[in-house]
Amino acid sequence: MEKSGKSVNLIMAIARELYERIVAAKVFIDENYGEALNLEEISQKAFLSRFHFHRLFSQVYKKTPHQYLTLKRIEKAKDLLGENKQVTEVCNEVGFESLGSFSVLFKKEIGFAPQYYRNMAWLKKQKAKEQPKTVIPHCFIESYKIDK
Numbered sequence: 075m076e077k078s079g080k081s082v083n084l085i086m087a088i089a090r091e092l093y094e095r096i097v098a099a100k101v102f103i104d105e106n107y108g109e110a111l112n113l114e115e116i117s118q119k120a121f122l123s124r125f126h127f128h129r130l131f132s133q134v135y136k137k138t139p140h141q142y143l144t145l146k147r148i149e150k151a152k153d154l155l156g157e158n159k160q161v162t163e164v165c166n167e168v169g170f171e172s173l174g175s176f177s178v179l180f181k182k183e184i185g186f187a188p189q190y191y192r193n194m195a196w197l198k199k200q201k202a203k204e205q206p207k208t209v210i211p212h213c214f215i216e217s218y219k220i221d222k
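Per the numbering used here, the sequence shown runs over residues 75 to 222.
What follows is the structure, encoded as structure tokens:
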């Protein structure tokens, strides 16, 4: 019985250590998404082969490392476009190699072209400045009697 308990503890320690290495590689992606990253470089951060890392990362995060990196870049691009930055500048800042691939992927994931998204974000901010009550929840307006 004691031998079995030690085996379970060892297996759990190995699993925990592998998980921590996968998380470390994810953090590396989070911090370096704007750079040209490849699977070899990312998997080295976890001290695993590309194939083993790819399989484990996909199990943990339910997406491949490439899918995760792309989504991270798209989310950051949304933020930057919301700040009214030029599409080309955003494309370069978030790590896409070409404006064409950035535009296609952005539209596929978000449903709008980057330029359209940028324009809509700017209009939304302008409306919020001109009519602040339109962006404040009604329950908040009611409870603080802002309307009166």
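Every residue gets a Cβ at the ideal spot worked out from N, C-alpha and C, and that includes glycine.
Whether residue i touches residue j by CB criterion (7 Å)
{"i": "E183", "j": "I148", "result": "yes"}
{"i": "A99", "j": "A120", "result": "yes"}
{"i": "E173", "j": "V164", "result": "It should be pointed out that residue 173 corresponds to Leu in this sequence rather than to Glu. No."}
{"i": "G169", "j": "A195", "result": "no"}
{"i": "R124", "j": "E114", "result": "yes"}
Spatially closest choice to residue i from the options, by CA coordinates
{"i": "P139", "options": "L154, K159, I103", "result": "I103"}
{"i": "N193", "options": "K159, K137, G79, E109", "result": "K159"}
{"i": "H128", "options": "V161, V97, E204", "result": "V97"}
{"i": "E167", "options": "E109, E114, I220", "result": "E109"}
{"i": "K146", "options": "Q205, H126, Y93, L179", "result": "L179"}
{"i": "K150", "options": "L84, Q133, E105, E204", "result": "E105"}
{"i": "L130", "options": "P211, R95, K80", "result": "R95"}
Buried or exposed by the 16-neighbour rule on C-beta atoms within 10 Å, applied to residue i
{"i": "S117", "result": "buried"}
{"i": "M75", "result": "Unreliable positioning characterises M75 in this predicted model, as indicated by a pLDDT of 46, which lies under 50. The coordinate reading is nonetheless provided below. With fewer than 16 other Cβ atoms within 10 Å, it is exposed."}
{"i": "L122", "result": "buried"}
{"i": "Y107", "result": "buried"}
{"i": "L143", "result": "buried"}
{"i": "F188", "result": "Going by the sequence as given, residue 188 is Pro instead of Phe. Buried."}
{"i": "Y191", "result": "buried"}
{"i": "V82", "result": "exposed"}
{"i": "V161", "result": "buried"}
{"i": "A87", "result": "exposed"}
{"i": "A202", "result": "exposed"}
{"i": "F176", "result": "buried"}
{"i": "F223", "result": "The first residue shown for the chain is 75 and the last is 222, placing residue 223 beyond what the model contains."}
Exercise. In chain order, which continuous runs of the beta strand (DSSP E) of length 3 or greater are located wholly inside the segment 155 to 196?
Worked result: none
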